[in-house]
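Protein sequence lines correspond, in order, to chains A and B.
Residue numbers for the first sequence follow our numbering, beginning at 1 and rising by one.
Residue numbers for the second sequence follow our numbering, beginning at 1001 and rising by one.
Quick reminder that beta carbons are idealized off the backbone N, C-alpha and C, glycines included.
Owing to the predicted nature of the structure, the values given are computational and were not obtained by experimental measurement.
Notes for the one structure printed next.
There are 2 protein chains.
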Amino acid sequence: MAKGKSLEELTDPVFYILIALVEPRHGYAIMQYVEEETQGTFKIGPATLYTIIKKLVGAGLIEAEPESDPRRKTYAATAAGITKLEEEVVRRKRMVDLGMLVLQTKGRGK
Amino acid sequence: MAKGKSLEELTDPVFYILIALVEPRHGYAIMQYVEEETQGTFKIGPATLYTIIKKLVGAGLIEAEPESDPRRKTYAATAAGITKLEEEVVRRKRMVDLGMLVLQTKGRGK
DNA sequence: TTTGATATATCACTTATGGATATATTAAGA
DNA sequence: TCTTAATATATCCATAAGTGATATATCAAA
Chain A
1 MAKGKSLEEL TDPVFYILIA LVEPRHGYAI MQYVEEETQG TFKIGPATLY
51 TIIKKLVGAG LIEAEPESDP RRKTYAATAA GITKLEEEVV RRKRMVDLGM
101 LVLQTKGRGK
Chain B
1001 MAKGKSLEEL TDPVFYILIA LVEPRHGYAI MQYVEEETQG TFKIGPATLY
1051 TIIKKLVGAG LIEAEPESDP RRKTYAATAA GITKLEEEVV RRKRMVDLGM
1101 LVLQTKGRGK
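Laid out in structure tokens, this is it:
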């Protein structure tokens, strides 16, 4: 089922989903959470959501809570998932910092 | 030539390439720049590079310098490209901030 | 003159994303 | 009670994005 070496760098929807699952949430709640947190800017549809959930479960970054009934399956980030998220936050912060630096340096003689 | 509604949110390689082109650079130099800036962490191969260059030119976010000879075609971000990059930095900063907030809030009683 | 670095470009394959759709449950009204 | 909207999970399938491999060609140095 694919999965491979990807997830080394997280894409935007994967990043958002992992953020959402720092606290336990079921699928639909993830969609709503992301939409709210981004002021409706970023929407994750069901296809993207369940595709990514499957992949994250396969990679051991999230897991379904055992008691959760199938009508409302609750997921949460595993310890590995939290670690991964922390790394990804750092990685992305570097990107943002580089962007800001380059923009602010622009124009000024090198 | 494709292009569509994409480029609304920039993916990682597109973001890096646009950052590189805040100063004029030719293709190969972009590859090297990104590799250096990321300490070899993030590499952009030629296929990705030229695919994205084409797309960015089509979208008016970068342009080839008119004098540049075809053996060493130099590109640079347009005004629209700089604006886009600024927006993207803000968008990504929000994502990072959300990630940090969520991680640091975790565990503490809601 | 051969080799490695520079440089651009495309092919063809894989991966990622997401609209549309299907199905089922639940809660609130009329 | 019927019906409708919101909740909820899931997949199909088409499009978009990313990329290793490969093909060329030039240039500088040994």
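Alpha carbon of residue i to alpha carbon of residue j, nearest angstrom
| i | j | result |
| --- | --- | --- |
| Thr-83 of chain A | Tyr-16 of chain A | 15 Å |
| Gly-1045 of chain B | Ala-1020 of chain B | 15 Å |
| Lys-106 of chain A | Pro-1024 of chain B | 11 Å |
| Gly-40 of chain A | Ile-1062 of chain B | 29 Å |
| Ile-1060 of chain B | Ala-1029 of chain B | First, the amino acid is wrong: residue 1060 of chain B is Gly here, not Ile. The alpha-carbon atoms of Gly-1060 of chain B and Ala-1029 of chain B are separated by roughly 20 Å. |
| Gly-1004 of chain B | Ile-1053 of chain B | Per-residue confidence for Gly-1004 of chain B stands at a pLDDT of 43, beneath the threshold of 50, marking its modelled position as unreliable; the derived number appears in the next sentence. Cα to Cα, Gly-1004 of chain B sits roughly 15 Å from Ile-1053 of chain B. |
| Gln-32 of chain A | Arg-1071 of chain B | 50 Å |
| Glu-67 of chain A | Glu-36 of chain A | 27 Å |
| Ser-6 of chain A | Arg-1108 of chain B | 32 Å |
| Leu-101 of chain A | Leu-1101 of chain B | 23 Å |
| Leu-18 of chain A | Leu-1018 of chain B | 27 Å |
Residue-chain proximity (residue i, chain A), Cβ-Cβ < 9 Å
| i | result |
| --- | --- |
| Lys-977 of chain B | Limits of chain B in this structure are 1001 at one end and 1110 at the other, which puts residue 977 of chain B out of reach. |
| Tyr-1016 of chain B | yes |
| Leu-1098 of chain B | yes |
| Glu-1023 of chain B | yes |
| Ile-1019 of chain B | yes |
| Gln-1032 of chain B | no |
| Arg-1108 of chain B | no |
| Lys-1093 of chain B | yes |
Inter-residue CB distance, residue i and residue j (contact presumed, cutoff 8 Å)
| i | j | result |
| --- | --- | --- |
| Gly-1027 of chain B | Tyr-1050 of chain B | 7 Å |
| Thr-38 of chain A | Pro-13 of chain A | About 11 Å separates the two Cβ atoms, so there is no contact after all. |
| Gly-1099 of chain B | Leu-98 of chain A | In fact, because the Cβ distance is near 17 Å, the residues do not count as touching under 8 Å. |
| Val-1089 of chain B | Val-96 of chain A | 6 Å |
Candidates the options: closest to residue i by CA position
| i | options | result |
| --- | --- | --- |
| Lys-1055 of chain B | B:Glu-1086, B:Gln-1104, B:Thr-1011 and B:Arg-1108 | B:Thr-1011 |
| Ala-1077 of chain B | A:Leu-103, A:Glu-35, A:Phe-42 and A:Tyr-33 | A:Leu-103 |
| Glu-1008 of chain B | B:Arg-1092, B:Asp-1097, B:Leu-1098 and B:Gly-1099 | B:Arg-1092 |
| Glu-1065 of chain B | B:Glu-1036, B:Ser-1006, B:Val-1096 and B:Val-1022 | B:Val-1022 |
| Val-57 of chain A | A:Thr-74, A:Thr-41, A:Glu-87 and A:Asp-69 | A:Thr-74 |
| Phe-42 of chain A | B:Arg-1094, B:Leu-1101 and B:Arg-1108 | B:Arg-1094 |
Test: residue i CB closer than 9 Å to a CB of chain B
| i | result |
| --- | --- |
| Ile-62 of chain A | no |
| Glu-36 of chain A | no |
| Thr-78 of chain A | no |
| Lys-84 of chain A | no |
| Leu-103 of chain A | yes |
| Lys-73 of chain A | no |
| Thr-11 of chain A | yes |
| Thr-51 of chain A | no |
| Glu-88 of chain A | yes |
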